[in-house]
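Visitor: Each residue of the sequence shown is one higher than the one before, counting from 23 in my numbering. C-beta: ideal position from N, C-alpha, C; glycine also. Remember, predicted model here, so these are calculated numbers, not experimental data. Sharing a structure below in structure tokens format, with a few things to ask.
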Amino acid sequence: MVEHWFYHLEQSSLEQILPELLEKTYANKWRALVKIGPLLGEAPLELKRLDDYLWAYKKDGFLPHGRDDEPLADAQPILLSVDKQSLSGEDVILLIGGAEMGDVSSAKRCITILNGADDEDKTIARTRWKQAKDDGLVTAYWRQNDFGKWEQPFK
């Protein structure tokens, strides 16, 4: 059964939290699909921006990843996409910028990262939360406190 986790960004930016989540995913030897939605901006530009960022966000390392518009995309441990519905054997699907969820039943975990400053993103996340609860899925809601630490205010 798919777990659906929600990360509500209030103190940190997407660029601060996405590498952290992907590092944990990669350390678990899980394959990840990162779906980029329209709320971030023009899709091809955002795909390139996040791709470039993940190669250079840290001086002493990088996250091995690729884009869905490049050769051998399905062989990547972390794949960035604007429209790919699924990989063959993804373990985690991360939805950012209001990305469409699609069928996530083959994954172990689906993570919605929502921008706390964007009302449309919050509405999308609330709808997903309600649907996940109605479907009896395991859910977790993570919210940052005033110091940026992740907490679960309710379960």
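(1) Spell out the partners DSSP gives Gly88 in its beta bridges.
(2) Could you check the C-alpha separation between Arg148 and Leu55 for me, to the nearest Å?
(3) Is any non-hydrogen atom of the ligand GDP found closer than 7 angstroms to the C-beta of Ile39, if you look at the structure I gave you?
(4) Leaving out the 5 sequence neighbours to the left and right, which residues in its chain are closer than 6 angstroms to Ile135 when beta-carbon positions are compared?
(5) Between Glu142, Asp140, Ile133, which has its C-alpha nearest Tyr163's C-alpha?
(6) So Ile115 and Val104 are in contact, right, with Cβ under 8 angstroms, and what is the actual spacing, rounded?
(7) Alpha carbon to alpha carbon, what distance is there between Pro175 and Asp90?
(8) Take Ala139 as the anchor and find which of Gly120, Trp151, Lys152, Asp156 has the nearest alpha-carbon.
(9) Taking the continuous alpha helix (DSSP H) assigned at Arg131, which residues delimit it?
(10) With a CB to CB cut of under 8 angstroms and the five nearest residues on each side skipped, what residues in its chain are close to Ser34?
(11) Determine, using beta carbons only, whether Ile100 comes closer than 8 angstroms to chain D.
(12) With 16 as the cutoff for other CB atoms within 10 Å, does Thr47 come out buried or exposed?
(13) For a quick check, are the C-beta atoms of Leu44 and Leu85 less than 8 angstroms apart?
Guide: Looking at the coordinates:
(1) Beta bridge pairing from DSSP links Gly88 with Leu101.
(2) 22 angstroms
(3) Only the bare structure without any ligand can be found here, which leaves the ligand GDP out of the picture.
(4) In the same chain as Ile135, and ignoring 5 residues on each side of it, the C-beta atoms closer than 6 angstroms to its own belong to Tyr29, Ile118, in chain order.
(5) Ile133
(6) About 14 angstroms; that fails the 8 angstroms criterion.
(7) 36 angstroms
(8) A check of alpha carbon separations from Ala139 across Gly120, Trp151, Lys152, Asp156 identifies Gly120 as the nearest.
(9) Following the DSSP letters along the chain, one finds Arg131 in no alpha helix (DSSP H) but inside the beta strand (DSSP E) bounded by residues 131-137.
(10) Gln166, Gly170
(11) The structure shown contains no chain D; it is built from a single protein chain.
(12) That one is buried.
(13) yes
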